[in-house]
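Protein chains: 2
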Amino acid sequence: MDNDFCPVHEAIQFLQEKWVLHIVRSLLEGPRGFNELSRSVGGCNPATLTQRLDRLVEIGIVDKEVQSVMPPRTQYRLTAAGQSLQRVIEEIDTWATSYLRPSADRGAVCEKHYLSSETP
Amino acid sequence: MDNDFCPVHEAIQFLQEKWVLHIVRSLLEGPRGFNELSRSVGGCNPATLTQRLDRLVEIGIVDKEVQSVMPPRTQYRLTAAGQSLQRVIEEIDTWATSYLRPSADRGAVCEKHYLSSETP
DNA sequence: TGAATCACTATGGAATGTCAAGTAGTATAG
DNA sequence: CTATACTACTTGACATTCCATAGTGATTCA
Numbered sequence: 019m020d021n022d023f024c025p026v027h028e029a030i031q032f033l034q035e036k037w038v039l040h041i042v043r044s045l046l047e048g049p050r051g052f053n054e055l056s057r058s059v060g061g062c063n064p065a066t067l068t069q070r071l072d073r074l075v076e077i078g079i080v081d082k083e084v085q086s087v088m089p090p091r092t093q094y095r096l097t098a099a100g101q102s103l104q105r106v107i108e109e110i111d112t113w114a115t116s117y118l119r120p121s122a123d124r125g126a127v128c129e130k131h132y133l134s135s136e137t138p
Numbered sequence: 019m020d021n022d023f024c025p026v027h028e029a030i031q032f033l034q035e036k037w038v039l040h041i042v043r044s045l046l047e048g049p050r051g052f053n054e055l056s057r058s059v060g061g062c063n064p065a066t067l068t069q070r071l072d073r074l075v076e077i078g079i080v081d082k083e084v085q086s087v088m089p090p091r092t093q094y095r096l097t098a099a100g101q102s103l104q105r106v107i108e109e110i111d112t113w114a115t116s117y118l119r120p121s122a123d124r125g126a127v128c129e130k131h132y133l134s135s136e137t138p
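In order, the protein sequences belong to chains E and U.
For the first sequence, the numbering used here gives the first residue as 19, with consecutive numbering after it.
For the second sequence, the numbering used here gives the first residue as 19, with consecutive numbering after it.
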């Protein structure tokens, strides 16, 4: 069953790790420092963030540049591979704005999408 | 900070739940039964799969149709909203086949993408 | 002088996911 | 006729992951 390499499966495997998509989305707006990124992502604790960033660097999606150790200053930026994940985020964006509507508890899907005045 | 509703954030929140993208990807190929889906997804245990499916049904991405209780036979299929996630999966596919190469331990990004005979 | 910021690390507990086994009933194989 | 495999799950114990909070040394700002 899994004797052949499936890149999509691999990609999904780490794209679904918690905060990864959020991190990429944030970095698409430009390079960030650690705390800056943390704030922008919103709700990820530093231990997890460190782990995710290490992994993203290891995979080759993010570039980590230590500008100075003391005082600490670091920049995280997307590599070319990371940048091209923009397409994925954009599609999620398109999907979300089409099908997701505000709901009190959870995200709920809006049914009326295809009922607009357009012929697919 | 989060006083306004961000659909993308919401979407990422559940798309990054473990196995969700795998499940959607599998169901894009057609409706599946429970065990069939489990096998196709590969590695997800029934407890988690049940939970994910319940949630996807609740959100409105998946439709669950119980054809018979005994002998048990159930069909899971994507709703229109679920179907349109195909775009997202396709972009992941495109990205993965461009940037991911087989590696022994983890997914590693292939650097040579932009070194082809094209001028960006 | 004292607080705030930087990039993290440490710790213990809470949430989440997994493993193995088991459920009722049918269908297939021997 | 019996044994096995299949269906769609559930249960309970366990493992992994994640989170909240506090704290590090040095610099900047008031």
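Backbone N, C-alpha and C fix where the C-beta goes; we use that ideal spot for every residue, glycine too.
- A Cβ of chain U is located within less than 8 Å of the beta carbon of residue 25 of chain E.
- Residue 111 of chain U reaches chain E at 26, counting residues in chain order whose Cβ is nearer than 7 Å.
- Per DSSP, the unbroken alpha helix (DSSP H) holding residue 39 of chain E starts and ends at 38-46.
- The Cβ neighbour count for residue 43 of chain E, taken over all protein chains shown within 10 Å, is at least 16; the residue is labelled buried.
- If you keep only unbroken beta strand (DSSP E) runs of at least 3 residues inside the stretch 47-111 of chain U, you get 80-86 and 91-96.
- Neighbours of residue 71 of chain E in chain U, taken as residues whose beta carbon is under 8 Å from its own, are absent, since the nearest beta carbon is some 15 Å off.
- Taking C-beta atoms as the reference points, residue 59 of chain E and residue 41 of chain E count as a pair closer than 8 Å.
- Proximity of chain U to residue 86 of chain E at the Cβ level (cut-off 7 Å) is not reached, the minimal Cβ distance being about 27 Å.
- The three-state secondary structure of residue 31 of chain U, taken from DSSP, is helix.
- Contact with chain U is found for residue 105 of chain E, since one of that chain's Cβ atoms lies less than 8 Å from the residue's Cβ.
- In this structure, U:91 is the residue among U:108, U:28 and U:91 with its C-alpha nearest to the C-alpha of residue 54 of chain U.
- Residues of the stretch 26-42 of chain U with a C-beta atom less than 9 Å from some C-beta of chain E are 26, 27, 28, 29, 30, 31, 32, 33, 34, 35, 36, 37, 38, 39 and 40, listed in chain order.
- Taking C-beta atoms under 8 Å as the contact rule, residue 95 of chain E and residue 45 of chain E qualify, at a distance of about 7 Å.
- For residue 99 of chain E, a Cβ of chain U is located within less than 8 Å of the residue's own Cβ.
- Contact annotation for residue 68 of chain E against chain U: no contact, minimum CB-CB distance about 17 Å [criterion: below 9 Å].
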